[in-house]
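Note that the UniProt record's numbering has the sequence shown beginning at 1, numbered continuously upward. For each residue, glycine too, the CB sits at the ideal point set by N, CA and C. Data first, discussion second: the structure below is written as structure tokens.
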Amino acid sequence: MPHLLALDQGTSSTRSIVFDDSGRIVALAQRELPQHFPQPGWVEHDALQIWADQLATAREALAHAGLGARDIAAIGITNQRETTVLWHRRTGQPLHRAIVWQDRRGEPLCAELRAQGHAALIRERTGLVVDSYFSATKLRWLLDHVPGARALAEAGELAFGTIDSWLLWQLSGGRVHATDVSNASRTMLFDIGRQRWCPELLALLQIPAAVLPAVHPSSHVFGDCDAQHLGAALPLAGVAGDQQAALFGQACFEPGLVKNTYGTGCFMLMHTGPQQQTSTHGLITTTAAQAGAQAAPGYALEGSVFVGGAVVQWLRDGLKAIRSSSEVQALAETVPDAGGVVFVPAFTGLGAPYWDANARGAIVGLSRGSTVAHIARAALESIAFQSAALLQAMAQDVLASGGTAPLELRVDGGASVNALLMQTQADVLGLPVLRPAVTETTALGAAWLAGLAVGVYRNTAELAQLWRDGQQQGQRFEPRLPPAQALAQMAAWEAAVRQARAGSFT
Ligand SMILES: Nc1ncnc2c1ncn2[C@@H]1O[C@H](COP(=O)(O)OP(=O)(O)O)[C@@H](O)[C@H]1O
Ligand SMILES: O=P(O)(O)OC[C@H](O)CO
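Right under this line is the structure:
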């Protein structure tokens, strides 16, 4: 039976998972990743540590599975997106620690770009809003601040990449410098309509083209893993950014199919088909994982919630209301509802569709009878309300352009284990919420992309069938709340958001 190895390099951990060809997890190995905060607003990772952990976990996962490299048909890579590495082509040594997606140091340059009126061009070419979240201003910072970097870059001595490119380079022994369309679309340098690097944006941001990786479809044989790493020269055959990989692993291949990943934050992506959809409701446009050179490029609308599962961590660490995240459901279920309490966890501002960096958290509607259980319940509801606001924004965008509004929500991520949260989500959306038995959908998406490229799977229709088969062991949450009550709850949420924003300090 063919097996696939997925390398899942996330913000907080580095994992390797062996899947069988039915999508079942055979083995998993994981290491926590140390975070570096050299200044307020700066976040860095050690790229060499990432590589060492990825290799070690890949070896461990194979050992746990009792498999040798020859039992693996292909390797898929999925990664935290936007995080930027710059390294020497000759030695493979990074010039600096990786600058992580959460890092805000590119903000002054972004403010300049906005003030100079470049936002419309950037939006039109890349589908993105001008923000230091994306790789471009991180790379520019490295070129401007690491002594000698710009001259070396112009001389073709340096390679830039997101984490997928960095791992491809290391795994291939320095023979492959490449990325896929989904990761490229997060750099703010990639023309998502033409599916190539944008010369105007490279000039505007003063990025030498010589540092850029080649861009391929996500399902593609990028090269072979050097035999010394895992014991055989395995094909490196799938690459996608983690949120697009999850969209793929949830078999969202058609317009209107949407997934939400409930982790520290929440990332919702909806496939919009081969048409690039521009949001008028605060969402960004991104490239979906591409299932091979013959497949037309696909697009997705994306929105993110900054504080999702993190509000549960705050209940644990800030309020000390629970000892572990898994206790939140039992606490929230000691009350029948939130008792009029609405919690807006705008700890670091509000993401899509509100985009308010200055909003701060608020708990409103407290009464003499309110208890910590009501606050816990309101905290869980806040994750569902924020996600519902994203889905509503997506539905408005697609309906305005004559597209198909979502009929269900596919879910995954650490906080999706919470059945109360999933039921609340179904209730406020008025749509079924589908949770697969295996919630490692990000890694599964990478494994499927790799399997497609080497012929383990014939096409995405076969993968959609595998997803449906898997769904039989998963769970389906049907909406139970009368629509009028769901509307009233969303209205109360929006009113609380207005209060949180009004109370912000600018
Ligand atoms: N039972 C639960 N109910 C609600 N939230 C939970 C539960 N278990 C874990 N979480 C939350 O899920 C998040 C971790 O999910 P994970 O997918 O591992 O996140 P990430 O990939 O962002 O590190 C944490 O914020 C945690 O508080
Ligand atoms: O590492 P994660 O799962 O938190 O995902 C990070 C995203 O890719 C950032 O865009």
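Quick one: does the C-beta of Gly403 sit closer than 6 Å to a heavy atom of ligand 2?
-> The residue given as residue 403 occupies position 403 in the sequence shown. No, the beta carbon of Gly403 sits no closer than 6 Å to any heavy atom of ligand 2.
message = Less than 6 Å separating the Cβ of Gln392 from some heavy atom of ligand 1?
response = Walking along the sequence shown from the start, residue 392 turns up at place 392. Because no heavy atom of ligand 1 lies under 6 Å away, the Cβ of Gln392 does not count as near it: no.
field: Expected contact under 8 Å - CB spacing of Val239 and Thr179 to nearest Å
entry: To locate residue 239, count along the sequence shown from 1; it is residue 239. To locate residue 179, count along the sequence shown from 1; it is residue 179. Val239 to Thr179, Cβ: 7 Å. Contact.
Extent of the continuous beta strand (DSSP E) to which Thr441 belongs: Here residue 441 corresponds to residue number 441 of the sequence shown, with the count starting at 1. Run containing Thr441: none in the beta strand (DSSP E); it sits in the alpha helix (DSSP H), 441-453.
Determine the direct distance from the alpha carbon of Ile163 to that of Gly193, and round the result to whole angstroms. Looking up residue 193 in the sequence shown gives position 193. Looking up residue 163 in the sequence shown gives position 163. Their backbone Cα atoms lie some 23 Å apart in a straight line.
**Report entry** Ala359 beta carbon less than 7 Å from that of Arg140
**Finding:** For the purposes of this step, residue 140 is identified with residue 140 of the sequence shown, where counting begins at 1. For the purposes of this step, residue 359 is identified with residue 359 of the sequence shown, where counting begins at 1. Not a contact, by the Cβ cut-off of 7 Å.
Check: Of the choices Glu440, Trp493, Gln465, whose alpha-carbon is the least far from that of Leu28?
Finding: As a position in the sequence shown, residue 28 is number 28, starting the count at 1. Leu28 has its Cα closest to that of Glu440, out of Glu440, Trp493, Gln465.
Next on the checklist: Suppose the cutoff is 6 Å on Cβ atoms and the five residues either side in sequence are ignored; what does the same chain contact list for Trp42 look like?
Outcome noted: Locating residue 42 in the sequence shown gives position 42, counting from the first residue. Result list for Trp42: Asp103, Arg105, in chain order.
Measuring only the C-alpha atoms, how far is Gly173 from Arg90?
Walking along the sequence shown from the start, residue 173 turns up at place 173. Walking along the sequence shown from the start, residue 90 turns up at place 90. Near 11 Å, if we compare the C-alpha coordinates of Arg90 and Gly173.
Enclosing beta strand (DSSP E) for Ala321 [first to last residue]: The sequence position of residue 321 within the sequence shown is 321, counting from 1. From DSSP, Ala321 is part of no beta strand (DSSP E); its letter is neither H nor E.
- prompt: When every heavy atom of ligand 1 is checked, does at least one fall within less than 6 Å of the C-beta of Leu415?
  reply: Start at 1 with the first residue of the sequence shown, and residue 415 comes out as number 415. As written in the sequence, residue 415 is Ala, which differs from the Leu given in the question. Under cutoff, so the answer is yes.
- request: Tell me whether Pro108 is buried or exposed, calling it buried when 16 or more other Cβ atoms sit within 10 Å of its Cβ.
  value: To locate residue 108, count along the sequence shown from 1; it is residue 108. The residue is exposed, with fewer than 16 neighbouring Cβ atoms inside 10 Å.
Check for me: the beta strand (DSSP E) holding Ala29 runs from which residue to which?
Translated into positions along the sequence shown, residue 29 becomes position 29. Ala29 -> beta strand (DSSP E) spans 25-32.
* Which term fits Ala115, buried or exposed, when burial requires 16 or more other beta carbons within 10 angstroms of its beta carbon? -> Taking the first residue of the sequence shown as 1, we reach residue 115 at position 115. Answer is exposed; the Cβ neighbour count stays below 16.
* Alpha carbon to alpha carbon, what distance is there between Asp144 and Arg150? -> Within the sequence shown, the letter at position 150 stands for residue 150. Within the sequence shown, the letter at position 144 stands for residue 144. Cα to Cα, the separation comes out at about 7 Å.
Open item on the list: Given 6 Å as the limit, tell me if Gln80 has its C-beta closer than that to any heavy atom belonging to ligand 2.
Closed with: Stepping through the sequence shown from its first residue, residue 80 is reached at position 80. It does: the Cβ of Gln80 is within 6 Å (strictly closer) of some heavy atom of ligand 2.
- On the three-state DSSP scale, how would you describe Arg459? If you number the sequence shown from 1, residue 459 lands on position 459. The sequence as given places Asn at residue 459; Arg does not occur at that position. Coil.
Quiz item: Does the region 229-236 touch the region 60-76, meaning 3 or more C-beta pairs lie closer than 8 Å?
Solution: yes
Q) Short check: CB of Ser135 to CB of Glu82, under 7 Å? A) Taking the first residue of the sequence shown as 1, we reach residue 135 at position 135. Taking the first residue of the sequence shown as 1, we reach residue 82 at position 82. The answer is yes: Cβ separation under 7 Å.
Can you tell me whether DSSP reads Pro40 as helix, strand or coil? The count along the sequence shown starts at 1 and reaches residue 40 at position 40. It is coil, neither helix nor strand.
Mind listing, in chain order, the continuous alpha helix (DSSP H) runs of no fewer than 4 residues lying wholly within the region 261-293? none
Taking 6 Å as the cut-off, does the CB of Ala29 come closer than this to any heavy atom belonging to ligand 1? As a first step, residue 29 must be located in the sequence shown, where it is residue number 29. Ala29: no, Cβ never under 6 Å from ligand 1.
Based on DSSP bridge pairs, tell me the residues matched to Arg196. As a working mapping, residue 196 is identified with position 196 in the sequence shown. BP columns for Arg196 point to Asp191.
>> As a quick exercise: from His229, Ala291, Gly265, pick the residue whose alpha carbon is nearest that of Gly349.
In response: Position 349 of the sequence shown holds residue 349. The residue with the shortest Cα to Cα distance from Gly349 is Gly265.
Quick one: grab the DSSP three-state call for Leu139. As a first step, residue 139 is located in the sequence shown; it is residue number 139 there, counting from the start. Helix at Leu139.
My parser needs the alpha helix (DSSP H) runs of 4 or more residues fully inside the region 296-369; what are they?
310-317, 328-332
| request: Could you tell me whether any non-hydrogen atom of ligand 2 is closer than 6 Å to the CB of Thr439? | output: Here residue 439 refers to the residue found at position 439 of the sequence shown. Thr439 Cβ: outside cutoff for every heavy atom of ligand 2.
Note to self: With DSSP as the reference, identify every bridge partner of Trp87, one or two as the case may be.
What the structure shows: Stepping through the sequence shown from its first residue, residue 87 is reached at position 87. Answer by DSSP bridge pairing, in chain order: Pro94, Ala159.
Taking 6 Å as the cut-off, does the CB of Thr264 come closer than this to any heavy atom belonging to ligand 1? For the purposes of this step, residue 264 is identified with residue 264 of the sequence shown, where counting begins at 1. Yes; taking the cut-off as 6 Å, the Cβ of Thr264 has a heavy atom of ligand 1 nearer than that.
Legend entry - Under 7 Å between C-beta atoms of Ser218 and Ala289: For the purposes of this step, residue 218 is taken as the residue at position 218 of the sequence shown. For the purposes of this step, residue 289 is taken as the residue at position 289 of the sequence shown. It is a contact, given that the beta carbons lie within the stated cut-off.
Practice prompt. Just tell me which of Ser22, Met268, Val100 has its CA closest to the CA of Leu466.
Written response: What you label residue 466 is simply residue 466 of the sequence shown in a count that begins at 1. Minimum Cα distance to Leu466 is reached at Ser22.
key: Distance between Gly365 and Phe347 (C-alpha atoms, nearest Å)   = On the sequence shown, position 347 is the one that residue 347 refers to. On the sequence shown, position 365 is the one that residue 365 refers to. Phe347 and Gly365: Cα-Cα distance of roughly 18 Å.
Point to revise | Own chain, CB closer than 6 Å to Thr506, minus 5 neighbours either side, in chain order | key: Mapped onto the sequence shown, residue 506 falls at position 506. At Thr506, the pLDDT of 48 sits below 50, so the modelled position is not reliable; the number obtained from the coordinates is stated separately. Cβ neighbours of Thr506 beyond the five flanking positions: Asn358.
Exercise. If we call anything under 7 Å between Cβ atoms a contact, is Ala321 one with Val372?
Worked result: The residue given as residue 321 occupies position 321 in the sequence shown. The residue given as residue 372 occupies position 372 in the sequence shown. Against a cut-off of 7 Å, the Cβ pair of Val372 and Ala321 comes out as a contact.
- Throw me the rounded Cβ distance for the Pro345 and Asp427 pair, which I believe falls under 8 Å. Residue 345 sits at position 345 when you count from the first residue of the sequence shown. Residue 427 sits at position 427 when you count from the first residue of the sequence shown. Actually they do not touch by this definition, with Cβ atoms about 19 Å apart.
Checklist entry - Is Asn418 near ligand 1, in the sense that its beta carbon is under 6 Å from a heavy atom of that ligand? => result Here residue 418 refers to the residue found at position 418 when the sequence shown is read from its first residue. True, at least one ligand heavy atom lies under 6 Å from that Cβ.
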